[in-house]
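Residue numbers (UniProt numbering), protein chains in the order written: chain C, 1 to 340; chain G, 1 to 340. All residues carry an ideal CB built from backbone N, CA and C; glycine is no exception. A quick note: this is a predicted structure, and the numbers were derived from the prediction, not measured. Notes follow the structure.
Number of protein chains: 2
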Amino acid sequence: MKKNVSMKDIAQRLGVSTALVSYVLNGQLEDRINKDTAQKIKSLAEELGYRPNHVAKSLKINKTLTIGLILADISNPFAASLARIIEDEAKKHKYTVIFGSADESAHKSEDLIRTLMSRRVDGFIIAAPEGSEELLSSLKKQDIPFVLIDRYFPELHVNTVTINNFQASAEATNHLLEQGFSEIGMINLKADLFHLTERSRGYKAALTQAGQKKEGKNLKEVEEKNMIAEVHQAINELLNQPEPIQAIFFGNNNLAIEGLIHIRSLNIRIPEDLAIVCFDESNAYNLFYCPITYIRQPLAKLGQAAVKLLIESIGNQERSTNNITLEAELIIQKSSQKYI
Amino acid sequence: MKKNVSMKDIAQRLGVSTALVSYVLNGQLEDRINKDTAQKIKSLAEELGYRPNHVAKSLKINKTLTIGLILADISNPFAASLARIIEDEAKKHKYTVIFGSADESAHKSEDLIRTLMSRRVDGFIIAAPEGSEELLSSLKKQDIPFVLIDRYFPELHVNTVTINNFQASAEATNHLLEQGFSEIGMINLKADLFHLTERSRGYKAALTQAGQKKEGKNLKEVEEKNMIAEVHQAINELLNQPEPIQAIFFGNNNLAIEGLIHIRSLNIRIPEDLAIVCFDESNAYNLFYCPITYIRQPLAKLGQAAVKLLIESIGNQERSTNNITLEAELIIQKSSQKYI
DNA sequence: CTGAAAGCGCTTACAG
DNA sequence: CTGAAAGCGCTTACAG
Numbered sequence: 001m002k003k004n005v006s007m008k009d010i011a012q013r014l015g016v017s018t019a020l021v022s023y024v025l026n027g028q029l030e031d032r033i034n035k036d037t038a039q040k041i042k043s044l045a046e047e048l049g050y051r052p053n054h055v056a057k058s059l060k061i062n063k064t065l066t067i068g069l070i071l072a073d074i075s076n077p078f079a080a081s082l083a084r085i086i087e088d089e090a091k092k093h094k095y096t097v098i099f100g101s102a103d104e105s106a107h108k109s110e111d112l113i114r115t116l117m118s119r120r121v122d123g124f125i126i127a128a129p130e131g132s133e134e135l136l137s138s139l140k141k142q143d144i145p146f147v148l149i150d151r152y153f154p155e156l157h158v159n160t161v162t163i164n165n166f167q168a169s170a171e172a173t174n175h176l177l178e179q180g181f182s183e184i185g186m187i188n189l190k191a192d193l194f195h196l197t198e199r200s201r202g203y204k205a206a207l208t209q210a211g212q213k214k215e216g217k218n219l220k221e222v223e224e225k226n227m228i229a230e231v232h233q234a235i236n237e238l239l240n241q242p243e244p245i246q247a248i249f250f251g252n253n254n255l256a257i258e259g260l261i262h263i264r265s266l267n268i269r270i271p272e273d274l275a276i277v278c279f280d281e282s283n284a285y286n287l288f289y290c291p292i293t294y295i296r297q298p299l300a301k302l303g304q305a306a307v308k309l310l311i312e313s314i315g316n317q318e319r320s321t322n323n324i325t326l327e328a329e330l331i332i333q334k335s336s337q338k339y340i
Numbered sequence: 001m002k003k004n005v006s007m008k009d010i011a012q013r014l015g016v017s018t019a020l021v022s023y024v025l026n027g028q029l030e031d032r033i034n035k036d037t038a039q040k041i042k043s044l045a046e047e048l049g050y051r052p053n054h055v056a057k058s059l060k061i062n063k064t065l066t067i068g069l070i071l072a073d074i075s076n077p078f079a080a081s082l083a084r085i086i087e088d089e090a091k092k093h094k095y096t097v098i099f100g101s102a103d104e105s106a107h108k109s110e111d112l113i114r115t116l117m118s119r120r121v122d123g124f125i126i127a128a129p130e131g132s133e134e135l136l137s138s139l140k141k142q143d144i145p146f147v148l149i150d151r152y153f154p155e156l157h158v159n160t161v162t163i164n165n166f167q168a169s170a171e172a173t174n175h176l177l178e179q180g181f182s183e184i185g186m187i188n189l190k191a192d193l194f195h196l197t198e199r200s201r202g203y204k205a206a207l208t209q210a211g212q213k214k215e216g217k218n219l220k221e222v223e224e225k226n227m228i229a230e231v232h233q234a235i236n237e238l239l240n241q242p243e244p245i246q247a248i249f250f251g252n253n254n255l256a257i258e259g260l261i262h263i264r265s266l267n268i269r270i271p272e273d274l275a276i277v278c279f280d281e282s283n284a285y286n287l288f289y290c291p292i293t294y295i296r297q298p299l300a301k302l303g304q305a306a307v308k309l310l311i312e313s314i315g316n317q318e319r320s321t322n323n324i325t326l327e328a329e330l331i332i333q334k335s336s337q338k339y340i
């Protein structure tokens, strides 16, 4: 391995100080440096293939220009797209991203954060798994800049960038009501995650507003670990009760995919026999026979806002807290429209 | 922001040298250090919440224990799964992953590599975009350890971890032949990427071996940038020629998805009217009415092998070159089986 | 068993 | 306009 060229090498060859080399190569103090000397330094740096050592710089300035990105699960396309946007946006601000997938485990998430703290990232963007409250408030206590994205915990007074899950779900439910469906079921994940409970709440609020009494009777919450079987069962129950449902609202894309597979196997036609709305997009909808109505999250805006907020937070001494809420969009397709 | 505790702080409080603190906290020289002193150091470190500064360590040892991961496109689920596996595997070896998405641009890829080199990553795992040959041989010339994954360039004598694309495609084609289909079309991307041309070559070789003369007549190669329209056109041509095809082999999952959408819109039934095999999995197949036969790449093995190879390469002075080829698996489902 | 010291490659007040 | 010097937080031969 060839030795890397350092500023010192350049300085020695030219008989100048490393200070000067540093100033020139960083474009600082340009007006008070001899043009000739500056040019010589630049040429030699180019010639020797000088690459700045960011590690040394980080140590000196006590900043790494690095963001730690903790995702609940990178293999989820939603998370992957977000990762890409965040990386892009970070680069615009000269930041680099180190990422880790917490696999929905608070323990793994803590482990990751510990590792990345050793590596002195300047701050974190976190899609937190269930049970992270303690970890997050400890981060806050240590004055480590971070921003929660997608998931959040209302009791924690921290930076967040999220969508209005309540509003989006209410809107989706209202859309179904407007289409003339009154018996609307919802299948959601049973989890202590605010963004999910907000979705259930939005659904129920819309039903209440429409004058329905037992607004929770058609809401089914399934366990993540037993998801497939419970989704099937939930659908069966909703369809076979005294007042069968006319529409289903799925709380996320994975639930929707399993649900649609099951519905097709029952030979139930969409939208003729049953209307469908899903939270979140999925590539998979493309190959379903009926175009699916879904709630689209503004991914690019979410990612960009998170990076912007984090960088502001890194720059500020007083830790003010910011909560950014973005609106999702209901993309209406055939699956939710009353068959004419 | 609280000041971070350093080894020096601990040393001063205890009246010992930082050297001793370093040895104890790294578990070195354990047999020749006073147990009491060691215990005191450990306790105080714990009490003060000492976190090692990896940046300083990296500077000193001239290693960052960091891998740069360059993916052609992170928003592709294939890449995202790979990223997760690589991150996991790297962590087992105490390595951290910094990633970047090159978005299929050689220029962006070069930019990313430059950035990550400044950050002194120890090596790279790269899924290279078209046109990267020059960049890669320059990396090789600079003795920077790297491993190509998925994509590779046969003329470059560098480390690779790939699947046997030729073999997998031949196997898929043979499977269709065995099912009794003789007129088999293939739709592939037109690109100067070895892993893609190998897929075409495998398809043609299987046809030749089966005694077919003009083995390229049913091979359609489409441009990435005009993919949707060209896939539609290719399918139309293959179906409307004098000897219409009985089966289509898609060269990757994105082609397959567009193709299946178009085939459904033509009211062509799978597998009754047309058999289908696809290269690569996709979540989307789940919602297609007919289970799809596809070639599954051994993602976990690919990722693990790449990390292992890279770390060996980082450790070795003499840069020996290793080419690891893994076999893919044909998952046979209804879409490719002759309707009985 | 332990410490003094050099040095990794930078940045940045300070002095001239 | 330019240089000498300190220092970021570690590791590691070396000396005792």
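- Non-local C-beta neighbours of residue 175(G) in its own chain, meaning closer than 8 Å and more than five positions away in sequence, comprise 277, 293, 330, 332, 336, ordered along the chain.
- When DSSP reads this structure, residue 296(G) sits in a beta bridge with 329(G).
- Shown here for residue 259(G): same chain residues with a beta carbon closer than 7 Å to its own, the five before and five after excluded, namely 187, 231, 235, 248, 250 in chain order.
- Take the alpha-carbon of residue 214(G) and the one of residue 203(G): they are about 12 Å apart.
- The shortest CA-to-CA distance from residue 338(C) to any of 326(C), 272(C), 46(C), 283(C) is the one to 272(C).
- Note that the C-beta distance between residue 152(C) and residue 195(C) is below 8 Å.
- Contact of residue 288(G) with chain C is assigned, a C-beta pair being separated by under 8 Å.
- What residue 54(G) touches in chain C, judged by beta-carbon distance under 7 Å, is 118, 119, 120, going in chain order.
- Of 127(G), 101(G), 66(G), the smallest CA-CA separation from residue 303(G) is found for 127(G).
- With contacts defined by Cβ atoms closer than 8 Å, residue 136(C) and residue 121(C) do not form a contacting pair.
- Residue 27(C) sits in coil when the DSSP states are folded into three classes, being neither helix nor strand.
- No Cβ of chain G is located within less than 8 Å of the beta carbon of residue 86(C).
- For residue 37(C), there is no enclosing beta strand (DSSP E); the enclosing alpha helix (DSSP H) covers residues 35-48.
- If you look at residue 65(G), you'll find it isn't in any alpha helix (DSSP H); DSSP assigns it neither H nor E.
- For residue 221(G), the enclosing beta strand (DSSP E) begins and ends at 219-222.
- By the C-beta criterion, the stretch 90-98 of chain C is judged to be in contact with the stretch 62-75 of chain C, since at least 3 inter-stretch pairs fall below 8 Å.
- Per the coordinates, the alpha-carbon of residue 43(G) lies some 45 Å from the alpha-carbon of residue 10(C).
- Within 7 Å of the CB of residue 207(C), no CB atom of chain G is found; the nearest one sits about 28 Å away.
- In this structure, the CA atom of residue 7(C) is about 30 Å from the CA atom of residue 147(G).
- Interface with chain C (8 Å Cβ-Cβ cutoff): residue 320(G) is excluded.
- The residue among 21(C), 41(C), 124(C), 63(C) with its C-alpha nearest the C-alpha of residue 71(C) is 124(C).
- The distance from the Cβ of residue 58(G) to that of residue 5(C) is about 18 Å, inconsistent with a contact at the 8 Å cut-off.
- For residue 160(C), no alpha helix (DSSP H) run applies; the uninterrupted beta strand (DSSP E) run containing it begins and ends at 160-163, by DSSP.
- Taking 8 Å as the CB threshold, residue 160(G) stays off the interface with chain C.
- For the options 142(G), 193(G), 155(G), the alpha carbon positioned closest to that of residue 105(G) is the one of 193(G).
- A Cβ of chain G is located within less than 8 Å of the beta carbon of residue 77(C).
- Annotation: the continuous beta strand (DSSP E) that includes residue 188(G) extends over 184-189.
- Annotation: residue 38(G) to residue 13(G) spans about 14 Å, alpha carbon to alpha carbon.
- When DSSP states are grouped into helix, strand and coil, residue 266(C) belongs to the coil group.
- Under the DSSP assignment, residue 10(G) falls in the alpha helix (DSSP H) whose first and last residues are 7-14.
- Residue range 146-149 is occupied by the beta strand (DSSP E) that includes residue 148(G), with no alpha helix (DSSP H) assigned at that position.
- Residue 293(G) is outside the set of residues whose beta carbon lies under 8 Å from a beta carbon in chain C.
- Linking residue 36(C) to residue 51(C) through their CA atoms gives a straight-line distance of about 22 Å.
- Counting C-beta atoms within 10 angstroms of its own C-beta, residue 266(G) has fewer than 16 neighbours from the protein chains shown and is therefore classed as exposed.
- Contact annotation for residue 83(G) against chain C: 74, 75, 80, 83, 99, 101 [CB-CB distance below 9 Å, chain order].
- Proximity to residue 239(G) across 269(G), 169(G), 86(G) peaks at 269(G), based on C-alpha coordinates.
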